[in-house]
Every structure is written in structure tokens, then in C-alpha cells.
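K.L.:
Supplied in C-alpha cells, the structure appears directly below.
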Amino acid sequence: MYKNWTQRMKKYRKLCREEAPLTPKMKGQVDKLVCYYKQDTPRSLLQPIKVEEVWPSPRILVFHDLIDDNEASTIMSLAQPSLNRATVHNKKTGKLENAEYRVSKTAWLDDDLPEDQGRVVRRVNRRMEDATELSHEYAELQQVICTFINSA
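Heads up, the sequence shown is in the working numbering, so the first residue is 13 and it goes up one at a time.
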């Protein structure tokens with residue numbers, strides 16, 4: 013059941029200890045990576061955004077703690093009634109269809125929900141805008157995904 017589990021765990025632990033095989037150039041880049049608080053908007057002055065730079069080129073950032081536990085719980089509750097089996101695009105027919113290898117359920121949340129329901133979605137959207145400096149006006153709706161682990 014857990015084929016090569018021990019080897020995979022050793023490799024995982026080695027990578028997590030930053031023992032990945034890096035070229036000298038890569039090592040120089042990794043040494044310059046930083047973590048910082050982003051505070052360049054009025055909202056982020058009051059609630060700084062935690063940013064971790066994980067790679068310089070292409071620039072890859074991880075934003076920590078953008079959503080708190082209460083917001084996550086509210087978003088999951090709002091998405092629950094709309095969860096549907098995730099689909100894939102069939103190139104031949106041009107239609108969306110179920111696939112055996114995709115067993116997750118997906119819902120999309122719009123921020124134009126009624127005031128009491130949409131408040132959290134709008135707040136999270138604004139925070140994501142502050143973090144990424146990208147407007148959500150032309151972006152996809154928030155996607156909520158419920159995944160299932162195959163125990164076979």
C-alpha cells in the first residue's frame with residue numbers, strides 16, 4: 013500500500029530541511045530570499061500582509077494568514093449548497109464532463125451575495141487585491157474545492 017513510503021519520507025524531510033540539490037547560482041538566489049510585512053495600502057497598514065518570497069525569478073510569493081479560521085468556516089458554509097462534482101473540458105466535444113480521475117467537488121462564490129452573506133467574501137477579495145495588487149473585477153469568482161482522498 014505504501015510503496016517506497018520510507019524513501020519518499022526521507023526525500024521529503026531532506027527537502028524540508030532545505031537540503032535540495034542547488035547549483036551555486038541557485039544557492040545565491042535562495043540566500044537572498046526574504047519574508048516581510050506588506051503595508052502599502054490603507055487596509056494593510058492596519059492589518060499587515062505576511063509575505064514569503066520563495067523564489068526570485070520567476071518571482072514566487074506565498075501570502076500567509078490571508079484568511080482566518082472564522083472566514084474560512086463562513087466561506088465553506090456559503091459554498092456547501094453549491095458544491096458540484098468538478099468537471100473537465102473535453103477537447104473533442106468542447107463540453108464539460110465528469111472524469112474518473114477527478115473526484116473533487118467545486119463551488120464558485122460571487123461577492124454580490126446578500127449583505128450578510130457576502131460580507132466575508134468581499135472582505136477576502138479586498139485582502140487578496142491588497143496582497144497581489146491585482147483587481148478582482150476581471151478575475152474569476154472565488155473557487156472553493158472539496159477534495160476526497162482515495163483510500164484504496
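Glycine included, C-beta positions come from ideal geometry on N, C-alpha and C. Since the structure is predicted, the reported quantities are computational estimates derived from the model, not experimental observations.
(1) I think residue 153 touches residue 122, with their Cβ atoms under 8 Å apart; what is that distance to the nearest whole Å?
(2) Find out if the Cβ-Cβ distance for the pair residue 103, residue 158 is shorter than 8 Å.
(3) Looking at C-alpha atoms only, which residue of 58, 73, 100 and 42 is the closest neighbour of residue 64?
(4) For residue 75, list the residues DSSP reports as bridge partners.
(5) Have a look at residue 47 and residue 143 and give me their C-alpha separation to the nearest angstrom.
(6) When the Cβ atoms of the segment 75 to 85 are set against those of the segment 132 to 139, are three or more pairs found closer than 8 Å?
(7) Counting along the chain, where does the alpha helix (DSSP H) carrying residue 90 start and finish?
(8) Identify whether residue 97 lies in helix, strand or coil by the three-state DSSP scheme.
P.N.:
By the coordinates alone:
(1) The residue you call residue 153 lines up with position 141 of the sequence shown. The residue you call residue 122 lines up with position 110 of the sequence shown. Sure, about 5 Å apart at Cβ, within 8 Å.
(2) As a working mapping, residue 103 is identified with position 91 in the sequence shown. As a working mapping, residue 158 is identified with position 146 in the sequence shown. No.
(3) Position 52 of the sequence shown, counted from the start, is the residue given in the question as residue 64. In terms of Cα proximity to residue 64, the closest of 58, 73, 100 and 42 is 73.
(4) Here residue 75 corresponds to residue number 63 of the sequence shown, with the count starting at 1. Partner(s): 63.
(5) Working through the sequence shown from its first residue, we reach residue 47 at position 35. Working through the sequence shown from its first residue, we reach residue 143 at position 131. Near 14 Å, if we compare the C-alpha coordinates of residue 143 and residue 47.
(6) Taking 8 Å as the limit for Cβ pairs, the verdict is that the segment 132 to 139 does touch the segment 75 to 85.
(7) What you label residue 90 is simply residue 78 of the sequence shown in a count that begins at 1. For residue 90, the enclosing alpha helix (DSSP H) covers residues 81 to 91.
(8) Walking along the sequence shown from the start, residue 97 turns up at place 85. If DSSP states are grouped into helix, strand and coil, residue 97 belongs with the strands.
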